[in-house]
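With the first letter of the sequence shown counted as 1, position 171 gets the number 171 in the UniProt record's numbering; the numbers rise by one all the way through. Ideal Cβ placement from N, Cα and C applies to all residues, glycine included.
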Amino acid sequence: MAPYNQAYQDSTRGLWAQTASIDWCESNYELSYYVAEFWNTISNLAFILPQLSQFVTLSKHKNVEPAFNKAFLSLALVGIGSFCFHMTLARPMQMFDETSMILVSLHSFYLLYIIKKPDVNKQKLLFFLTCYGLLFLSLYAFLVDWPIFHHSTFGLLVYASMYIGYQLKKIHGSHYKFWTVFIMQHLAFAFWAFDKHYCEILTQFRNNHVPLVFRPLFQFHAVWHLLMGLSSHIFICGVIRLRVWIEHREQLVIRYRWLGLWIVLENTKAPGDNCDTVTSPKTKQTPLERRQQRNYHHSNDDETANLRYRREQDKSIEQTDRMAEETDINQNVVHSHEIPTP
Numbered sequence: 001m002a003p004y005n006q007a008y009q010d011s012t013r014g015l016w017a018q019t020a021s022i023d024w025c026e027s028n029y030e031l032s033y034y035v036a037e038f039w040n041t042i043s044n045l046a047f048i049l050p051q052l053s054q055f056v057t058l059s060k061h062k063n064v065e066p067a068f069n070k071a072f073l074s075l076a077l078v079g080i081g082s083f084c085f086h087m088t089l090a091r092p093m094q095m096f097d098e099t100s101m102i103l104v105s106l107h108s109f110y111l112l113y114i115i116k117k118p119d120v121n122k123q124k125l126l127f128f129l130t131c132y133g134l135l136f137l138s139l140y141a142f143l144v145d146w147p148i149f150h151h152s153t154f155g156l157l158v159y160a161s162m163y164i165g166y167q168l169k170k171i172h173g174s175h176y177k178f179w180t181v182f183i184m185q186h187l188a189f190a191f192w193a194f195d196k197h198y199c200e201i202l203t204q205f206r207n208n209h210v211p212l213v214f215r216p217l218f219q220f221h222a223v224w225h226l227l228m229g230l231s232s233h234i235f236i237c238g239v240i241r242l243r244v245w246i247e248h249r250e251q252l253v254i255r256y257r258w259l260g261l262w263i264v265l266e267n268t269k270a271p272g273d274n275c276d277t278v279t280s281p282k283t284k285q286t287p288l289e290r291r292q293q294r295n296y297h298h299s300n301d302d303e304t305a306n307l308r309y310r311r312e313q314d315k316s317i318e319q320t321d322r323m324a325e326e327t328d329i330n331q332n333v334v335h336s337h338e339i340p341t342p
């Protein structure tokens, strides 16, 4: 996470000695003697507070697998690392920040992959991802001063997860969550890139043309934190929702709150509720049933997806019976026109 902004920095005014190899566009120690980059620091609360709250809430549900719920903790760890790094601009905190980003990306990839391929050998997958992480750490220790190595590794993992998410997006209404996360993260990257490459222009415009009360909105790296923190939270909520839907059908109701920033799991369903319901995962389904089931998702209509699914099943049965009757009639007609053998 590393643009250089030597023209606008003065590390002698603050508490911490700057030892990090990178610095961002926000002026150092502008608002506090104890915090090097104030807005870049507090914006990391978007990575910490929602994740910890959701983790505590979902910990009460036995149907949420620990590996999935702990994704909130790993994301909060990223926020803590970034918080410490931007507060101190110290090299150890820089390494803490950047290493945690890779680890949470590996965790996300693992969760998506086992949803896509439920029969995969999880031990082998964990071994492979662990080796990948150790290889990164080994190289990173020597390449910490070369930011492109970290950026490219992180970007590769993010897009690998997005690719799997794209393949899963049609399952039970996940498509709109996928595109929400996709747009938010690319918008976040645009703010990140502008802050990195056009720091001088941004700083001059902010200081000379923007009222003081609105200047925090032009701390584009802080905006990157907000968008990435919220979009990553939505992503994990979507992954958990999908996993619970697949594994615990007919047992739970999955509700979204606060524009997808919060999920609630309940064991009952009131009539007319706008929520997700599912059927037993152990029932063997035909290809037609699986295809129909994938096409129905969380809906804002008065009818629930479950009722519409059952109606479509009834229509399919009627069509099958009608075709069978027509086949019998045609066969009878053919037999009636056959010439008897003398």
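Going by beta carbon distance, what residues of the same chain come within less than 8 Å of Ala270, once the five residues before and after it are set aside?
-> Note on Ala270: pLDDT 45, under 50, position unreliable in the model; no value is reported.
Where does the unbroken alpha helix (DSSP H) through Lys122 begin, and where does it stop?
-> Lys122 to Leu143
State the start and end residues of the unbroken alpha helix (DSSP H) segment that holds Ser105.
-> Note, Ser105: alpha helix (DSSP H), Arg91 to Lys116.
Trp179 - containing alpha helix (DSSP H), residue span = Trp179 -> alpha helix (DSSP H) spans His175 to His197.
From the DSSP output, in three-state form, read off Val213 for me.
-> helix
Can you say whether Glu98 is buried or exposed, counting buried as having 16 or more other CB atoms within 10 angstroms of its CB?
-> buried
Under 7 Å, do Leu75 and Gln51 count as touching if we go by C-beta distance?
-> yes
Per DSSP, the bridge partner or partners of Ile236 | Beta-bridge pairing links Ile236 to no other residue.
Near Met228, what residues of its chain come up, given a Cβ to Cβ distance below 7 Å and the 5 sequence neighbours on each side ignored?
-> Gln185 and Ala188
Nonlocal neighbours in the same chain, by C-beta distance under 6 Å from Leu143, ignoring five residues either side = Phe149
Backbone secondary structure at Ile22 - three-state DSSP | coil
Less than 8 Å between the CB atoms is what I'm expecting for Phe109 and Leu157, so what's the real figure, rounded?
-> Their Cβ separation, rounded to whole angstroms, is 6 Å, which keeps Phe109 and Leu157 in contact under 8 Å.
Between which two residues does the alpha helix (DSSP H) containing Asn40 stretch?
-> Phe38 to Ile42
Examine the ligand ZN and report whether any of its heavy atoms sits within less than 6 Å of the Cβ of Ala71.
-> This structure does not include the ligand ZN; it has no bound ligands of any sort.
Could you pull out every residue in the same chain whose Cβ sits closer than 7 Å to the Cβ of His107, ignoring the five residues on either side in sequence?
-> When the five nearest sequence neighbours on each side are left out, the beta carbons in the same chain lying within less than 7 Å of the beta carbon of His107 are those of Ala71 and Ser74, in order along the chain.
What residues are listed by DSSP as bridge partners for Arg206?
-> The partner list for Arg206 (beta bridge, DSSP) is empty, contrary to what the question assumes.
Can you give me the start and stop residues for the alpha helix (DSSP H) that Gln167 sits inside?
-> Pro147 to Leu168
Do you know offhand how far Thr57's Cα is from Glu65's?
-> Straight-line spacing of the CA atoms in Thr57 and Glu65 works out to 13 Å.
Beta-carbon contacts of Leu15 that lie in its chain and below 7 Å, excluding the five residues immediately before and after | Tyr33 and Tyr34
Return the residue from the list Thr153, Leu202 and Leu212 that minimises the CA-CA distance to Val104.
-> Thr153
DSSP state of Val35, grouped into three classes?
-> coil
Given Ala36, which residues of its chain have a CB within under 8 Å of its CB, disregarding the five upstream and five downstream residues?
-> The residues are Ser11, Gly14, Trp16, Gln18, Asn28, Tyr29, His86, Met87, Thr88 and Leu89.
For Ile102, count neighbouring Cβ atoms within 10 angstroms of its own Cβ and tell me buried if that reaches 16, exposed if not.
-> buried
Environment of Ile183 [buried if 16+ CB atoms lie within 10 Å] = exposed
Is Val264 helix, strand or coil when you go by DSSP?
-> strand
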